[in-house]
Structures are given as structure tokens and as C-alpha cells.
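Protein chains in written order, with the working numbering: chain A, 1 to 397; chain B, 398 to 764.
The block underneath contains the structure these notes are about, expressed in C-alpha cells.
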Amino acid sequence: MDLNYTAAEQKFRDELRAWLADHAPQDWTGRKAPGHTMEEHFAYLRAWQKRVYEGGWAGISWPRQCGGRGATVIEQVIFTEEMARASAPPLANVLGLALIGPTIIAHGTAAQKERFLTKILSAEEIWCQGFSEPNAGSDLASLLTEARPDGSDFIVNGQKVWTSYGWAADWCELVVRTDPAAPKHKGLTVLLIDMRSPGVEVRPLRQMTGESEFNEVFFRDVRVPAANVLGAVNNGWNVALGTLMHERATLGAGLHIVYSRQFQRLVKLAHSIDRNGAPAARDPVVRQKLAQIYAEIEIMRLNQMRSISRISQSGAPGPEGSIQKIFWSELNQRFQQVAQEVLGPFAQLEKGSEFAFDDGQWAYSYLRARGNTIEAGTSEIQRNIIGHFVLGLPRSY
Amino acid sequence: MQFGLTETQQLLKNSARDFFPAECPVAEVRRIMEIDGAYDVMLWRLLAEHGWTGMIFDEEHGGMGLGLVEMAVAAEEMGRILLPGPYFSTVFLAGALLNALPKNTGRNACATAICEGRERATVALLEESARWDTGGVRMQVVDGRLTGRKLFVPDASAAECLLAIVRAGDELAITQVHNAASGVSIRAMPSIDRTRHLYAVDFDQVEVEILATGDEAQRALDRAMDIATVALAAEMVGGMERITEIAVDYAKTRKQFGKPIGQFQAVQHQCADMLLLTESSRSAAYYAAWALQENAPDARTAVSVAKSYASEAYREAGNRAIQVHGGMGFTWENDLHLYYRRAKASEIAFGDAAFHRERIARMVIDA
Numbered sequence: 001m002d003l004n005y006t007a008a009e010q011k012f013r014d015e016l017r018a019w020l021a022d023h024a025p026q027d028w029t030g031r032k033a034p035g036h037t038m039e040e041h042f043a044y045l046r047a048w049q050k051r052v053y054e055g056g057w058a059g060i061s062w063p064r065q066c067g068g069r070g071a072t073v074i075e076q077v078i079f080t081e082e083m084a085r086a087s088a089p090p091l092a093n094v095l096g097l098a099l100i101g102p103t104i105i106a107h108g109t110a111a112q113k114e115r116f117l118t119k120i121l122s123a124e125e126i127w128c129q130g131f132s133e134p135n136a137g138s139d140l141a142s143l144l145t146e147a148r149p150d151g152s153d154f155i156v157n158g159q160k161v162w163t164s165y166g167w168a169a170d171w172c173e174l175v176v177r178t179d180p181a182a183p184k185h186k187g188l189t190v191l192l193i194d195m196r197s198p199g200v201e202v203r204p205l206r207q208m209t210g211e212s213e214f215n216e217v218f219f220r221d222v223r224v225p226a227a228n229v230l231g232a233v234n235n236g237w238n239v240a241l242g243t244l245m246h247e248r249a250t251l252g253a254g255l256h257i258v259y260s261r262q263f264q265r266l267v268k269l270a271h272s273i274d275r276n277g278a279p280a281a282r283d284p285v286v287r288q289k290l291a292q293i294y295a296e297i298e299i300m301r302l303n304q305m306r307s308i309s310r311i312s313q314s315g316a317p318g319p320e321g322s323i324q325k326i327f328w329s330e331l332n333q334r335f336q337q338v339a340q341e342v343l344g345p346f347a348q349l350e351k352g353s354e355f356a357f358d359d360g361q362w363a364y365s366y367l368r369a370r371g372n373t374i375e376a377g378t379s380e381i382q383r384n385i386i387g388h389f390v391l392g393l394p395r396s397y
Numbered sequence: 398m399q400f401g402l403t404e405t406q407q408l409l410k411n412s413a414r415d416f417f418p419a420e421c422p423v424a425e426v427r428r429i430m431e432i433d434g435a436y437d438v439m440l441w442r443l444l445a446e447h448g449w450t451g452m453i454f455d456e457e458h459g460g461m462g463l464g465l466v467e468m469a470v471a472a473e474e475m476g477r478i479l480l481p482g483p484y485f486s487t488v489f490l491a492g493a494l495l496n497a498l499p500k501n502t503g504r505n506a507c508a509t510a511i512c513e514g515r516e517r518a519t520v521a522l523l524e525e526s527a528r529w530d531t532g533g534v535r536m537q538v539v540d541g542r543l544t545g546r547k548l549f550v551p552d553a554s555a556a557e558c559l560l561a562i563v564r565a566g567d568e569l570a571i572t573q574v575h576n577a578a579s580g581v582s583i584r585a586m587p588s589i590d591r592t593r594h595l596y597a598v599d600f601d602q603v604e605v606e607i608l609a610t611g612d613e614a615q616r617a618l619d620r621a622m623d624i625a626t627v628a629l630a631a632e633m634v635g636g637m638e639r640i641t642e643i644a645v646d647y648a649k650t651r652k653q654f655g656k657p658i659g660q661f662q663a664v665q666h667q668c669a670d671m672l673l674l675t676e677s678s679r680s681a682a683y684y685a686a687w688a689l690q691e692n693a694p695d696a697r698t699a700v701s702v703a704k705s706y707a708s709e710a711y712r713e714a715g716n717r718a719i720q721v722h723g724g725m726g727f728t729w730e731n732d733l734h735l736y737y738r739r740a741k742a743s744e745i746a747f748g749d750a751a752f753h754r755e756r757i758a759r760m761v762i763d764a
């Protein structure tokens with residue numbers, strides 16, 4: 001056990017930190033780009049990713065022959081940490097970089113790699129994931145969107161939901177049913193779909209925060225060439241599962257730094273907020289709750305370090321990613337509740353109130369955290385995965 | 398960066414995994430826990446022969462000079478099998494204190510006697526205030542003699558070497574005395590963990606040797622308490638891991654409604670939570686051990702993170718393991734209550750979760 005970074009890892013961190021100091025935008029305020037519309041916001045993130053790409057820092061985990069740096073899993077975590085530490089904006093094509101690119105690298109043909117990978121890195125083409133459906137959420141394999149062979153093409157009909165970046169996407173990794181007669185996991189195929197194809201319709205889905213991060217996407221007789229099948233026909237479940245494993249393993253990577261910064265901010269506010277005639281930071285109940293959150297953020301960081309150490313030895317993300325997913329999502333809900341309690345009545349104020357702390361950040365974060373235990377696999381599904389795949393308990397369904 | 402065991406640490410773990418369940422199966426634990434002090438001479442001889450009593454002591458005293466991550470590895474394996482008796486207080490508590498003290502004749506003799514398996518040791522800290530910080534220490538050593546009462550002293554009846562934390566005037570003092578010295582009387586405080594016994598120790602004009610005073614004493618005690626707290630957190634991880642296995646095995650075999658109960662999600666989710674609690678406690682305990690070993694700037698915070706989390710996690714894992722077992726889990730013959738009891742005693746020892754959260758608050762809120 002040695003938690004010190006090697007000289008090579010430290011060099012990687014120093015280089016990246018230096019690059020970020022010179023190139024990270026100064027006008028990023030943490031949540032929103034300057035400008036008003038979603039399109040302006042997204043154009044900003046896209047320009048930022050292009051700069052990251054030109055600096056050679058996009059898709060660092062990808063193999064060199066695919067345009068990456070072949071970075072180790074530890075270097076990937078250093079990357080996420082340094083991006084968070086520099087308060088750099090997120091990358092526009094995050095799904096393409098973290099989930100879909102690696103899936104294409106694992107399952108794609110030479111032609112597909114040639115066609116898609118560079119444009120994912122440069123954010124020239126934005127990607128979304130067409131997985132969940134109105135009647136296939138946790139039970140993803142029961143999805144109904146169908147792809148019917150027609151000559152050398154497929155004709156796609158159906159509906160997807162919870163599609164992040166659907167409105168901005170040029171391409172979609174779509175899971176469809178190609179064999180309705182086969183058992184549900186066996187009749188699925190992954191298609192790469194041009195979102196500008198005739199018959200694709202994207203509608204915004206407004207969430208409880210008031211934002212529209214997600215979309216519903218409708219497919220009506222959308223024609224997809226067979227060359228755009230990813231992996232083999234009717235082997236889509238394995239392809240999609242690879243994507244989901246990447247999702248659980250990487251989604252939480254830089255979060256401990258985000259939480260940690262928010263925690264420091266909350267502690268700072270607690271020193272100035274009055275509680276029974278003294279600063280809240282001196283109230284014994286508040287101190288207990290803040291210390292608990294500190295401990296949990298720290299443990300989340302340590303779990304992450306252990307998990308990446310394991311991945312760096314075994315080479316692939318495994319079902320233990322489910323523990324991480326449960327941990328960060330449930331922690332954030334507890335954290336935001338503690339923040340509400342510490343900040344008192346001001347915590348409920350939203351963006352637009354002149355009295356709000358931090359431009360309404362805390363009310364927003366409280367609501368946004370509610371989605372954490374649902375998105376990217378509900379806590380219940382994660383516990384099922386742990387029960388079956390880690391502990392070896394019999395399947396419940 | 399590698400957050401996992403090295404090859405030699407893994408070898409140590411494997412040999413501990415071979416040794417402890419074989420030499421001290423749960424039937425032995427149940428037998429030994431009925432003896433005063435839960436101290437079994439034969440088991441102790443084996444522990445000494447295999448080097449476990451000397452593991453964290455310097456080689457000059459006959460020890461193995463292993464580090465704190467290795468200590469955590471061993472503690473975890475001992476926690477899995479509920480190693481009974483005075484090992485923990487002798488090696489991980491008193492041993493850590495002896496290691497942190499300046500070398501002198503009395504200290505060296507005690508360390509050597511422990512390594513060789515001839516003596517056992519413990520630390521007497523708490524008094525009537527039952528405080529885990531030294532603010533509760535009132536007992537005075539006057540002209541080399543000690544009078545007063547210490548409470549919650551672990552394993553005192555088996556520990557020839559008593560290290561009493563007292564005051565010399567206003568200063569903290571660490572003193573050493575034999576538990577059979579004239580004027581020492583020891584009474585059991587029957588308590589929830591049957592496998593490790595607590596005692597009230599009365600001192601009446603007892604002649605003691607002063608090993609350290611003032612800042613030197615405080616620094617040594619702080620270091621020892623941190624090390625013992627990490628060892629305990631690691632031991633708790635072992636207990637959690639074991640009861641998770643026991644619950645999962647039971648859920649796979651116990652049938653109701655014609656199915657193994659582990660097929661029901663309500664039961665699966667209890668088991669999944671036990672795994673989450675165990676693995677999270679493990680991350681925290683090993684990090685704290687490493688941070689203490691390396692004298693990392695956040696070492697003391699890391700100790701409190703580990704202990705505050707494990708204190709609640711072990712209790713919670715115990716709740717779930719018993720719940721999965723239904724009525725069987727509530728019986729005396731089922732082993733879970735032995736772990737459940739150990740979990741409660743461990744939660745209390747060296748400060749509970751609230752105690753350590755306040756310590757965290759001082760370091761991260763007040764800083």
C-alpha cells in the first residue's frame with residue numbers, strides 16, 4: 001500500500017495543472033456559461049472541449065492509435081481532479097468521451113473507429129445515449145424500440161426517454177430490439193444513429209429543477225445503414241452493459257472534489273450565520289452534522305482510490321462501481337439536507353432572489369440531488385447488482 | 398499510487414487467515430470468554446510463538462518491527478474471529494504507548510516481556526468522568542505513590558504491566574505498576590462484550606514508576622491512542638466482513654415460500670448495505686493506518702474519520718445481519734450476538750462516533 005503518487009503520475013499532474021492555468025476559461029462561474037440561452041451555453045462548452053482537444057488532453061484514457069494518450073486509470077482520476085480543482089467547465093461531449101467512445105473502441109469496426117472517434121474527441125460531433133424508454137427503465141432489457149431489417153438497412157421505430165444532451169447531439173448510441181422472438185436480453189442490437197436522419201424528433205423534458213437537461217426522443221421509420229451496427233446484431237446487451245459499467249465507474253470520479261469545495265463553502269458560511277446567538281459553526285449539532293458530511297466525502301474519495309487501484313490491476317471496471325454509485329448519490333442527498341439545515345431560511349432562495357446565498361446554488365443543489373439516486377441506475381438496481389454479481393445471491397427477477 | 402496490499406502484506410494476511418480460525422475457532426472463543434480476563438494461557442503461548450505479540454515492537458526487544466498497515470491487516474483478521482482476551486490492550490494499546498515513550502529500563506523490560514509472551518499489559522485512562530480525552534484525568538501521583546480509582550480498564554486482571562495515565566501536579570504523567578503490586582485491587586465490570594473484560598482498578602498508596610510527564614507524556618499518549626484507534630477500526634472491519642459472510646451464506650440456504658430468502662430484494666438489499674458499510678469502513682481504516690505510518694498532515698483527522706464511520710457501520714451491519722437471520726439471529730447459540738456485543742464495545746472504546754466527529758470539527762471547521 002503506497003498512496004504517494006509516482007514520479008510519472010506527479011509529472012502528469014504538474015503538466016496538466018500548468019496547461020489548465022494557461023488555458024482554463026476565467027469567465028466560467030461554476031454552473032453557467034456567460035450568455036443566456038442553452039445554445040449559447042453549449043457552444044461555450046464545445047469551444048472549451050475543442051481547446052482541450054487541441055492541447056492533447058481530450059480522451060486521455062483512449063489508446064494512442066485512437067487519438068488518446070493511453071493514460072492509466074490513475075492518470076484519468078488525476079485528470080478529473082485537476083479539472084475540478086481548476087474549476088474548469090465540463091466537456092461538452094462528456095458521454096462520447098467517457099462512455100460511447102470507449103464502447104466504439106471495444107466493439108467498433110475499423111471503419112467506425114475511423115469515422116467517429118476523432119470527431120468525438122474534438123466535440124465536432126456530440127453524442128447521446130438512447131437507452132431508457134418509458135416502459136424500460138431499471139428493466140432496460142425489456143425495451144421495445146424496434147429495428148426491422150430492410151435491404152441492407154434497418155428501419156427504427158420507438159421512443160427513448162431521459163436522453164441527456166439529446167437536443168444537442170449529432171449522434172446517438174441507440175439500443176434497439178432486432179429479434180422480438182428471442183429472450184429479452186438476446187434480441188437487442190446497438191445502432192449508431194445520425195440524429196439528423198428523417199424521422200428523429202427530440203422534445204425537451206423539463207425536470208423538477210426547472211431545467212431541461214434531458215429529452216424524449218421519438219423515432220419514426222428512421223433508416224439506419226447496417227454499417228452502423230455496433231458489435232454484432234443481437235449482441236447489443238453485452239455492448240450496452242460495457243457502456244453502463246463505464247458509466248458507474250467514471251461518473252463519480254471527480255465528484256469528491258466538487259463536494260469538497262461545496263463543503264468548504266458551507267463551512268465558511270456556517271461561521272457567519274447566526275444560530276441561537278452564536279455562529280452556526282459553534283453549534284454542537286451543526287458541528288456533528290458537518291463533521292459527518294466531511295467524513296463521508298473523505299470516505300467517498302478513499303473508496304474511489306481503492307476502486308481505481310483495483311481497476312488498474314484488473315484492467316476493467318467491475319460491479320463494485322455500484323457501491324460507489326450508491327455512496328455518492330445518497331451522500332449528496334444527505335449533504336444537501338445538512339446544507340439546508342445549516343443555512344436556515346436563506347437556503348430555500350432560488351436564483352433571482354437578491355437575498356440568496358451563492359446565486360441560489362443551495363436550493364438548486366438540494367433539488368438536483370434528488371435525481372442522483374435515480375439517474376445512471378437507481379439505488380435499488382445498484383443493490384440488486386451488488387446482491388447478485390458481488391455477493392452471489394440468487395437473482396430476484 | 399496503489400491503494401491495496403503489497404505482496405508481503407498479502408502474505409501476512411494469508412498467514413493470519415490460516416492461523417486465527419484454526420487456533421481460535423468460535424467454540425474456543427465461547428470457552429475462553431467464560432474465564433476471568435478471557436485469558437487463555439495456551440492460546441497466549443501460541444500467539445507469542447508465532448510472533449504476534451511482538452509484531453509492532455522493535456527488533457531490539459525481540460519484536461518484528463512491522464508497520465501500521467501490517468498492524469491493520471493483523472487486527473482485521475483478529476476481528477474476523479473475535480480474538481478474545483488481552484491481546485488488543487497488550488499489543489495495540491499498551492504496546493503502542495510503550496513504543497511512543499522514551500527508552501528507559503522499566504519501559505524496555507515491559508516491551509521485552511510482551512514480545513516474549515511472558516507478560517501482558519494494559520492502559521488505565523478513564524476515571525469516574527468516563528472521558529476519552531485526558532481532560533478527565535484527575536488521579537495524582539504524589540511522592541511516587543498513586544491513590545484513586547480507574548474505571549473501564551481493559552483486561553486488567555491478566556495484565557501484569559499496568560500503564561496508568563495520571564497527573565503529577567498539573568502535568569500529565571504516564572506511570573507503570575504491576576497489577577499484583579501491594580495496594581492494587583481489581584474488580585470486574587461485567588459488560589456487553591464477553592470476549593474482552595473490563596475492570597475497575599483501585600490504587601491505595603501504590604508505588605509506581607513514572608515513565609514520562611508533561612508534553613512528552615501527552616505526545617506519547619496521543620500517538621498511542623491514535624494507533625490503537627486505527628487498530629480497533631481495522632478490527633471492526635474484520636468483524637463486519639465476517640458477519641456479512643455469515644448473513645449472505647444464511648440468505649443463500651434458508652428457504653421460505655419455497656425460495657432461498659436471499660432471492661428477495663428486501664434481504665438482498667440488507668446484504669448489499671452490509672458490503673457497502675464494510676468496504677467503506679475498510680477504505681477509511683487503511684487510509685488512517687497509512688497516514689499515521691507516514692505522519693501525513695491529515696493523519697489525526699483520518700483516524701477520527703475511520704473510527705466515527707466504523708463505530709456506526711459495525712453496529713448497523715450487526716443489526717442487518719441479525720435481521721436477515723430472523724429469530725435464529727436472536728438466539729444465544731447463534732454467533733452473531735458475540736459480534737453484536739463486540740460492535741457495541743468497540744463503538745464505545747476510544748470515543749464513539751460523536752466524540753470523533755467533534756474531533757473532526759475541531760480540525761476542519763475551527764482550523
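All residues carry an ideal CB built from backbone N, CA and C; glycine is no exception.
In the DSSP assignment, Gly321/A falls within the alpha helix (DSSP H) that extends over 321 to 343. Below the 7 Å Cβ cutoff, chain B contributes no neighbours of Val342/A, its closest Cβ being approximately 11 Å away. With three or more CB-CB distances shorter than 8 Å, the segment 538 to 552 of chain B counts as touching the segment 512 to 521 of chain B. Contact residues of the segment 674 to 699 of chain B toward chain A are Glu676, Ser677, Ser680, Ala681, Tyr683, Tyr684, Trp687 (C-beta to C-beta distance below 7 Å).
Of all residues in the segment 276 to 302 of chain A, the ones placed with a Cβ closer than 8 Å to any Cβ belonging to chain B are Ala281, Pro284, Arg287, Gln288, Leu290, Ala291, Gln292, Tyr294, Ala295, Glu296, Glu298, Ile299, Leu302, in chain order.
Within chain A, no residue has its CB atom less than 8 Å from the CB of Met725/B, the nearest being about 18 Å off.
DSSP assignment within the segment 346 to 395 of chain A yields the following whole alpha helix (DSSP H) runs of 4 residues or more, N-terminal first: 361 to 370, 379 to 385.
Note on Leu595/B: 16 or more other CB atoms within 10 angstroms of its CB, so buried under the neighbour-count rule. With at least 16 other beta carbons inside 10 angstroms of its own, Leu391/A counts as buried. Using beta-carbon distances, Tyr5/A counts as an interface residue toward chain B, with a partner under 9 Å. Taking the beta carbon of Ser708/B as reference, no residue of chain A falls within 7 Å; the closest one sits roughly 11 Å away. Note: Pro279/A is bridge-paired with Asp274/A in the DSSP secondary-structure output. Taking a cut-off of 8 Å on C-beta distances, the segment 175 to 182 of chain A touches the segment 136 to 150 of chain A, as three or more cross pairs fall below it. Per DSSP, the unbroken alpha helix (DSSP H) holding Leu673/B starts and ends at 662 to 690. Per DSSP, reduced to three states, the secondary structure at Thr243/A is helical. One alpha carbon belongs to Val202/A, the other to Asn215/A, and they sit about 6 Å apart. The residue from Met725/B, Tyr484/B, Arg717/B with its alpha-carbon nearest to that of Gln665/B is Arg717/B.
By the rule that beta-carbons nearer than 9 Å mark a contact, Met1/A touches chain B.
Proximity of Cys668/B to chain A, defined by a Cβ-Cβ separation below 9 Å, is satisfied. Relative to His41/A, the option among Ala84/A, Arg206/A, Glu375/A, Trp167/A whose CA is nearest is Trp167/A.
Excluding residues up to 5 positions away in sequence, Ala630, Ala681, Ala682, Ala685 lie with their Cβ nearer than 6 Å to the Cβ of Ala703/B in the same chain. Cβ atoms of Leu495/B and Ala508/B come within 8 Å of each other, at about 5 Å.
Within the segment 652 to 664 of chain B, the residues whose Cβ lies closer than 7 Å to some Cβ of chain A are Pro657, Gly659, Gln660, Phe661, Gln662, listed in chain order. In this model, Val229/A and Pro198/A are separated by some 18 Å (Cα to Cα).
Linking Ala565/B to Gln348/A through their CA atoms gives a straight-line distance of about 55 Å. About 5 Å separates the beta carbons of Ile293/A and Val338/A, which is inside the 8 Å limit, making them a contact pair. Between Met633/B and Ala688/B, the C-beta spacing is not below 9 Å.
At a cut-off of 9 Å, the C-beta of His388/A has a neighbouring C-beta in chain B. Assignment of Pro481/B by DSSP, reduced to helix, strand and coil, places it in the coil class. Fully enclosed alpha helix (DSSP H) runs of no fewer than 4 residues are not present anywhere in the segment 626 to 652 of chain B. Contact between Leu560/B and Ala491/B holds, since their C-beta atoms are separated by about 6 Å, short of 8 Å. C-alpha of Gln304/A to C-alpha of Ala58/A: approximately 22 Å in a straight line.
Residue pairing by DSSP places Trp127/A opposite Trp171/A in a beta bridge.
Beyond the five residues adjoining it in sequence on each side, Glu473/B comes within less than 6 Å, by CB distance, of Ala631, Val634, Gly635 in the same chain, given in chain order. Under the three-state reduction of DSSP output, Tyr596/B falls in the strand class. Contacts between Arg712/B and chain A, judged by CB atoms closer than 9 Å, are missing: the closest CB pair is about 15 Å apart.
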